[in-house]
Structure formats: structure tokens, C-alpha cells
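Worksheet: the structure to be examined is printed underneath.
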């Protein structure tokens, strides 16, 4: 089976393994690794984190040791933290908050991993690629249907960079306002506390009245920000003309992924 894009009209705990080695010997080895990792970096041995609660203690301690001594270069490079909202490409009524961590990979390309929130135990829910207007305009027509503009997300104040001073955030969004994003969510966390199903194409909002006010207020209260104030602060950012082909859902026809069975190629 493979992923395909289907066009249609818009419409309104078990652990892995047996935990062998989690007895006193296994715990001792894991604790020793954690202690050694801390010593290597001149730190005190760190206690086992609450993340992964329910996993064997050995696994949690090994994760902690690995987190102390292993370099994660792609993750370390993801320096930009953004918070915004997405809707399912075929259902505007399904709206979710999305926490992005991004790297400016090339001059005209960002890549982001998306979580449900900014917390140690956050759920990984998707990915987004962000490209320049110039690159978007050069895409094939079928490819453009998968992309959404960022002009409204920036101008409305709904897309934010939490903790960044207004002046720096403003400068960043002056560039981002003309970009386009392609987003797939791999975890439909608005429905299930488990990543069932296949990746779903997501879109961004393009005008007032689409995003739920309660969702935005809840985000603002939790992060200590004001979307309306952000909006006023960005009033001087020019609103770009949206390139043809983006935000395909606005036509009333959209695309979404589905599973299709097919013959295996040899």
C-alpha cells in the first residue's frame, strides 16, 4: 500500500519487549552509565526523567545517559521556535495548535518538525517545509496544491515566535510573510492519543473568522502573548499578493492523502 493524493470536495499501554535486564543488575549498569555521562561533562549524575514514565527504569536511565553524551546535530541546528495553527486540508472544522522547531536549511528553504506543545513529553505530530515565493512559483501545478501561503498567519498575529523580542520577531516575519509551506501531520492528536492512520495534508488560515477564537485565546493565555497586539505591531508589514496555485482548498475542492493498495514492483 502507498500514499496517494485524493481530490474531493470540502466537508464541513503495552511496552515493547519484556523489559529483560530491568532488575538490580540492569538498573545498576544504567545508573552507572548516567553517572559516567554526568562525570564526563563535569555534571552531577542526573536523576531519571519523568519522560518515558512506565518504561523500565533501565531504558529510562539509558535514554538519559544518551541524551547527555550524544550530539544530535540536526536537532541542535533547529534554532527557530514558532507557534501557530493548522487545519486539515479537507476539513476546516478540524483545527489544531502546532509548535514548530525549524532550521533555515538553504536560502530559500526551511525545514521544521512539529509537536503538539513545547514540553519534554510533547508528541511529534508532523513536519513542514517552508520555501520562498520564487521557488513556489516554479513548482508544477499539481505540487502547488499541497502548499499554503503564510501571509495571513503573519499579518493576523496568529503565528508567533514565543520569547523573541518584538523587534527581532518583526524582522523575521517581514521575510516569512512571503513564504509558502507544505505540511503533513502524522498524528491526528485532535482525535486520538496514538498516531493512527496515514499522514494528513494540512493548510493555514487565510482570513478572519476561520480560526476558532477560543483556540487562539487558550494559546495566548498559556504562552503569555497577545495575538491582537502582534497584529497591530505587524500592520506595517506589506501584505504580499498570493501566488496562483496556493491555498487550493479555497476553491471548494482540495486534496488529501489516502491508502491505495497496489502490486509490488520487483
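Residue numbers (this note's numbering): 41 to 306.
Quick reminder that beta carbons are idealized off the backbone N, C-alpha and C, glycines included.
Secondary structure in the region 207 to 245: no alpha helix (DSSP H) run of 4 residues or longer lies completely within the stretch. Taken in chain order, the complete alpha helix (DSSP H) segments of 4 or more residues contained in the region 92 to 154 are 97 to 109, 113 to 117. Bounds of any alpha helix (DSSP H) do not take in residue 164; it lies within the beta strand (DSSP E) bounded by 164 to 171. DSSP places residue 297 in the uninterrupted beta strand (DSSP E) bounded by 293 to 300.
Remark: C-beta atoms of residue 273 and residue 206 approach each other more closely than 8 Å.
Annotation: the continuous alpha helix (DSSP H) that includes residue 263 extends over 253 to 263.
Minimum Cα-Cα distance from residue 143 among the listed residues 236, 169, 257 corresponds to 169. For residue 268, the secondary structure class from DSSP, reduced to helix, strand or coil, is helix. Here DSSP, grouped into helix, strand and coil, assigns residue 194 to helix. In this model, residue 225 and residue 165 are separated by some 5 Å (Cα to Cα). Closest in C-alpha terms to residue 268, from the list 177, 193, 218, 135, comes 193. Taking all protein chains in view, the Cβ of residue 174 is surrounded by fewer than 16 other Cβ atoms within 10 Å, so the residue is classified as exposed.
For the pair residue 216 and residue 153, the Cα-to-Cα distance works out to about 17 Å. Assignment of beta-bridge partners to residue 200 by DSSP yields 123. Inter-segment contact for the region 180 to 187 and the region 104 to 113 is absent: fewer than three beta-carbon pairs are separated by less than 8 Å. The beta-bridge partner set that DSSP reports for residue 306 is empty. Around the beta carbon of residue 208, fewer than 16 other beta carbons lie within 10 angstroms, which makes this residue exposed.
Per DSSP, residue 182 is one residue of the alpha helix (DSSP H) stretching across 181 to 184.
For residue 196, the closest alpha carbon among the candidates 276, 151, 147 is that of 276. Taking the Cα positions, residue 138 is about 27 Å away from residue 110.
Taking the C-beta atoms as reference points, residue 288 is found nearer than 8 Å to residue 294. If you compare the alpha carbons of 100, 119, 126 with that of residue 251, the shortest gap goes to 126.
The Cβ-Cβ distance between residue 202 and residue 149 does not fall below 8 Å. A residue is called buried once 16 or more other Cβ atoms fall within 10 Å of its Cβ, and residue 257, having fewer, is exposed.
Between residue 199 and residue 122, the CB-CB gap stays under 8 Å. One alpha carbon belongs to residue 112, the other to residue 234, and they sit about 26 Å apart.
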